[in-house]
Amino acid sequence: MTKDELFQTIQQKKSYLCIGLDSDMEQIPGHLQSKVDPAFYFNKAIVDLTHDVCVGYKINTAFYEVQGNKGWRSLEKTAGYIREKYPENFLIADVKRSDIGNTARQYAETFFSRLDFDAVTLSPYMGKDSVEPFLAYKGKWSILLGLTSNPGANDFQLTATDQPEEYLFERVIKTASQWGTTENMMFVAGATQTHYLEGIRQIIPDHFLLVPGIGAQGGNLQELSRAGLNQQGGLLVNASRSIIFSDPSKSFDVTARDQAMKINKQMERLLSEKKLLANP
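Going by our numbering, 148 is the number at position 147 of the sequence shown; the sequence numbering is gapless.
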């Protein structure tokens, strides 16, 4: 999916919501637990009722890998279902991989060729050669960790460099943004770090940002959107638990849609404020 195509999807759906399918088996509603593949049936139900109000899905592989072979099959089936039935949705593999060239090439082949994800999340801290194999895939995206939303971000990302008034995360974004282009590279900017978004936008005004942390983590959608939206949208805002686990009953999918719709309506208003909707 190109940058223009992603922006067109945002305009058409009046949304830049990405739904995280962090399908924790312990939180999947009880009536699905007897299914042969509870995680897939759960994901399928969520996707079927939310595909038109979001622009993409982020699959955190940890929640599948923990189940061994069975979990990996659930991941493959979920990715395949979204790709086949709702190909307009941007599909992210949240893997946060980082390794040297030969190994990185295998990861890229797995998630881009075998599973056909549009994007993968990566850690840039091993340097350019750990990211380059992913950038070789035309039409695919590398999403690099910039400034994350967890409390531990303070341990390293917010330490000062040898340059005046520069944090380590800013050095990383400045350097890594030169490895790719605005057509194949995004950065993670946590929603709980909104006060740094304006500075990030000064460094990379035209890149897309993946922003996790609204909902359960408490990020403010209005604040981060006003700081982070650019003239081509430029934001994918992720919500996971606050949508998919908002109701443990048999109506979980209906409630998930309601929660997604609430965010969608807020996003429509914020896109209108920025004059980014083709047909407001």
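All C-beta atoms, glycine included, are put in the ideal place defined by N, C-alpha and C.
Note that the stretch 43-50 touches the stretch 17-24; at least 3 beta-carbon pairs, one per stretch, sit closer than 8 Å. Taking 7 Å as the cut-off, the beta carbon of SER150 is found closer than this to the beta carbon of GLY191. Here DSSP, grouped into helix, strand and coil, assigns MET187 to strand. In the DSSP assignment, ASN239 is bridged to CYS19, PRO213.
A distance below 7 Å between beta-carbons, with the five flanking residues on each side excluded, links ARG84 to the following residues of its chain, in chain order: LEU92, ASP117. Counting along the chain, ALA120 sits inside no alpha helix (DSSP H); it lies in the beta strand (DSSP E) bounded by residues 120-123. Per DSSP, reduced to three states, the secondary structure at PHE246 is coil, with no helix or strand assignment. Excluding its 5 nearest sequence neighbours in each direction, THR195 has C-beta neighbours in its own chain below 8 Å: GLY220, ASN221, GLU224, LEU225, ALA228, listed in chain order. The Cβ atoms of SER178 and SER131 lie no closer than 7 Å to each other.
In the same chain as HIS52, and ignoring 5 residues on each side of it, the C-beta atoms closer than 7 Å to its own belong to TYR87, ASN90, in chain order. In chain order, ILE60, THR62, TYR65 place their CB closer than 7 Å to the CB of LEU76, counting only its own chain and leaving out the 5 sequence neighbours on each side. Annotation: GLN68 to GLY57 spans about 24 Å, alpha carbon to alpha carbon. For PHE8, the enclosing alpha helix (DSSP H) stretches over residues 4-14. Check the Cα spacing between THR256 and each of GLN158, GLY214, VAL48, GLU184: the tightest is with VAL48. Here SER143 has ALA120, VAL121, LEU123, VAL132, PHE135, LEU136, GLY181, ASN185, MET186, MET187 as same chain residues with Cβ atoms under 8 Å from its own Cβ, once five neighbours each way along the sequence are excluded. Pairing MET127 with PHE112, the inter-Cα distance amounts to about 19 Å. In the DSSP secondary-structure assignment, PHE91 is bridged to GLY57. With a cutoff of 7 Å on beta-carbon distance, MET268 and TYR17 are scored as near each other.
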